[in-house]
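What follows is a single structure, written as C-alpha cells, with notes after it.
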Amino acid sequence: MNTISSPLDLIQLLVGYQPAATISTASRLGLFDALTDQPQPASEIARCLAVDDSNLGALLRALAQLGLVSHSDGEFAATPFSANYLQNNSDLDMIIRKEAFFSTAWSRLDEVVRSGHPILPPWKERLHARSSQATEFLYALDALARLTGPPLAELPELTRGRILDVGGGLGTYSRALAEAGSTTVLVDLPDVIELARDHLADLPAGSVEFVAADIFSESACGIEIESVDAALVSHMLHDYPKETGVELLRSANRAIRPGGFVVVNDFANDTGPAAFGGLFDLMMRVETGGAAHSLATLGEMLLTSGFCDVRRVAFPDPITVLIATKDS
375 MNTISSPLDL IQLLVGYQPA ATISTASRLG LFDALTDQPQ PASEIARCLA
425 VDDSNLGALL RALAQLGLVS HSDGEFAATP FSANYLQNNS DLDMIIRKEA
475 FFSTAWSRLD EVVRSGHPIL PPWKERLHAR SSQATEFLYA LDALARLTGP
525 PLAELPELTR GRILDVGGGL GTYSRALAEA GSTTVLVDLP DVIELARDHL
575 ADLPAGSVEF VAADIFSESA CGIEIESVDA ALVSHMLHDY PKETGVELLR
625 SANRAIRPGG FVVVNDFAND TGPAAFGGLF DLMMRVETGG AAHSLATLGE
675 MLLTSGFCDV RRVAFPDPIT VLIATKDS
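Residues 375 to 702, numbered by the working numbering, are exactly what the sequence shown covers, in order.
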C-alpha cells in the first residue's frame, strides 16, 4: 500500500488531471493529425488549425515534455508513436475521447458519495438515444479489449464447441474465439447487435451467431437452455451490485450444458497495481452504480449462482479471470 508522506506527494496526485487534459485537448483540436514528420513552427500549425499560436505553442511544448511531440529549434513534429497511434478515430483516440467524457462525471464524485447514485443515466437509456458518445464508447471498449485484454482465446474452456458471449458488445472476444475455431453466440441489446453485425461482417458466415436480447428479462440470456458448452462474462459484473451480478450468472448458468464452464473476465477492487482496484471501483459507482467486487466476492457470486471449482487464471494484475464449472 502506498503511503503519502509529504505535501509534495499529495500535490503530485492533485495535478494528475493535467497530462490527461493536455492529451484530450490535443485530440479535440485535431493536433495529432496536423503534425507531420517534418518540423513546423507553432505559428504554422496554429494557422492550419485556426487557433491562437501562443497558446498552441504552450500546448505543444507540454506535449513534447510528455513525450508525444518532437521539439527541436522551436519547431514541432510528430513522434513515431503519435503518428502511428494518435490519428483521429484511431483506437487510442477513441480511448482518449472516452476518458475525457468520463472525467466530467468524476468531477461530481461528491454527489455520488452523498446520494448513492451514479452520475450517468442507465446504459440502456444512453444507448437507445443512439448518442454519438454511446457509440464511441462501444468502439473504445473494443479498442481497450484488443490492446489490453487477456488472450482468452488461449483458454481451452473457450475453444471447444459453442460459446456464449454474454453482453459481448461489438464482439471483440467473439471474433477472437471464432478465429480460434469456436462457434460463438453473441448476445447483447438490439442496438448493439446491429453495430456488432457490421463490425464482424468479415468473419465466415455462421462463426458468430447474433442474438438481440435483454439478458435480464429472458431466461438463459435469451438463448436455449443448456445449449452452449461455456459462457464468457467479460467486464459485466462490475456494472451491477452483487445481487444483480448473481442474477446474471444464474441466467448464464441456465444456458450452459452440465459440466460446462463459465469464464469471468473482470477487475477486482483488491487487486493492483497500486490503487487500480480502488479507483476502478469508484469509477463504476460514478458511471453505472455498480461496483468492482473483491476476489472473494466474485468467487462467492459464482458459487451462489450454481457453479463450483472456482479457480483464477494466472494472468498478471489487474487482469482477473476466473473459471468455474457448472455444478451438475
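From the three backbone atoms N, C-alpha and C, an ideal C-beta is built for every residue, glycine too.
Given this structure, state the Cα-to-Cα distance separating residue i from residue j, to the nearest angstrom.
i	j	result
VAL637	PHE681	11 Å
PRO393	LEU440	8 Å
LEU460	ARG549	24 Å
TRP480	ALA452	31 Å
VAL687	ILE697	7 Å
ARG500	ALA508	6 Å
ASN627	VAL684	14 Å
ARG471	GLU674	36 Å
ALA649	ILE693	14 Å
GLY542	LEU569	12 Å
HIS445	SER379	35 Å
SER593	ILE493	30 Å
ASP539	ASP447	53 Å
PHE635	LEU529	11 Å
GLU553	ASP465	21 Å
PRO524	ILE597	26 Å
LEU442	GLU473	18 Å
PHE689	ARG631	27 Å
ASP383	ALA395	20 Å
ARG575	LEU521	The displayed chain sequence assigns Ala, not Arg, to residue 575. So the alpha carbons of these two residues sit roughly 21 Å apart.
PRO454	GLY580	39 Å
LEU526	SER428	48 Å
ALA432	VAL389	17 Å
GLU418	CYS595	56 Å
Looking at C-alpha atoms only, which residue of the options is the closest neighbour of residue i?
i	options	result
ALA670	VAL695, PHE475, ASP407 and VAL582	VAL695
PHE450	ASN463, PHE406 and GLU473	PHE406
LEU387	ARG534, THR396 and ASN376	ASN376
ARG482	ALA688, GLU661 and VAL687	GLU661
ALA354	LEU521, ILE470, ASP701 and GLY580	This structure cannot speak to residue 354, because the chain is shown only from 375 to 702.
HIS573	THR478, TYR513 and PHE635	TYR513
CYS422	ALA432, ALA408 and SER428	ALA408
PHE511	ASP562, PHE475 and SER593	PHE475
GLY663	GLY596, GLU473 and GLU617	GLU617
VAL566	PHE455, GLY523, LYS498 and ILE385	LYS498
PHE590	THR399, ALA579, ASP562 and GLY580	ASP562
TYR614	PRO525, ARG631 and PRO496	PRO496
LEU672	PRO690, ARG659 and THR645	THR645
GLY404	ALA424, SER428 and PRO454	ALA424
For residue i, which residues of its own chain have a beta-carbon under 6 Å away from its beta-carbon, when the five flanking residues on both sides are left out?
i	result
LEU611	GLY619 and ASP640
ASP516	LEU544 and THR546
LEU430	ALA416 and ALA420
PRO564	ALA586
SER398	ILE470 and ALA474
LEU381	In the sequence as displayed, the identity of residue 381 is Pro instead of Leu. The answer is none, since no qualifying residue turns up.
What does DSSP give as the partner residues of residue i in its beta bridges?
i	result
PHE562	The question names Phe, but residue 562 in the sequence shown is Asp. BP columns for ASP562 point to ALA586.
PHE635	ALA604 and THR699
HIS445	PHE450
ILE327	As displayed, the chain neither begins before 375 nor continues past 702, which places residue 327 out of reach and without an answer.
ILE537	THR558 and ALA604
THR694	ASP640
GLN414	PHE450
CYS682	THR699
For a cutoff of 8 Å on Cβ pairs, would you count residue i as touching chain D?
i	result
ALA665	Absent from the structure is chain D; it holds one protein chain and no more.
Quick one: what's got a C-beta closer than 8 Å to residue i's C-beta in the same chain, skipping five residues either side?
i	result
ASN643	GLY651, GLY652, PHE654, ASP655, ALA665, ALA666, HIS667 and SER668
ARG571	PHE584
GLN414	GLU449, PHE450 and ALA451
ASP426	ALA420
ASN463	none
TYR753	The displayed coordinates of the chain run from 375 to 702. Any statement about residue 753 would go beyond what the structure contains.
LEU577	ARG549, ALA552 and GLU553
ASP691	THR645, GLY646, PRO647 and PHE650
GLY633	THR699, LYS700 and SER702
Leaving aside the five residues before and after residue i along the sequence, list all residues of the same chain whose C-beta is less than 7 Å from its C-beta, in chain order.
i	result
ALA457	ASP411
SER401	ASP467, ILE470 and ARG471
ARG659	VAL486, PRO492 and ALA665
ASP588	LEU563
ILE385	none
Would the C-beta of residue i count as close to the ligand NAD, meaning under 7 Å from any of its heavy atoms?
i	result
LEU526	The ligand NAD is not among the ligands present in this structure, which contains no ligands whatsoever.
* Would you be able to state if there are at least three C-beta pairs under 8 Å between the region 554 to 561 and the region 592 to 610? => Contact holds: three or more Cβ-Cβ distances are below 8 Å.
* To do: Evaluate the contact criterion for the region 588 to 602 versus the region 650 to 670: three or more CB pairs, one atom per stretch, below 8 Å.
  => no
* Asked: Below 8 Å, can you find three or more Cβ-Cβ pairs linking the region 504 to 523 to the region 578 to 585?
  -> Counting Cβ pairs under 8 Å, fewer than three are found: no touch.
* Check whether the region 430 to 450 touches the region 484 to 491, taking contact to mean three or more Cβ pairs, one atom from each stretch, closer than 8 Å. => no
* Are the region 621 to 635 and the region 673 to 687 in contact at 8 Å, needing three or more beta carbon pairs? -> Segments in contact, yes.
* **Three CB pairs or more closer than 8 Å across the region 497 to 513 and the region 526 to 534** => no
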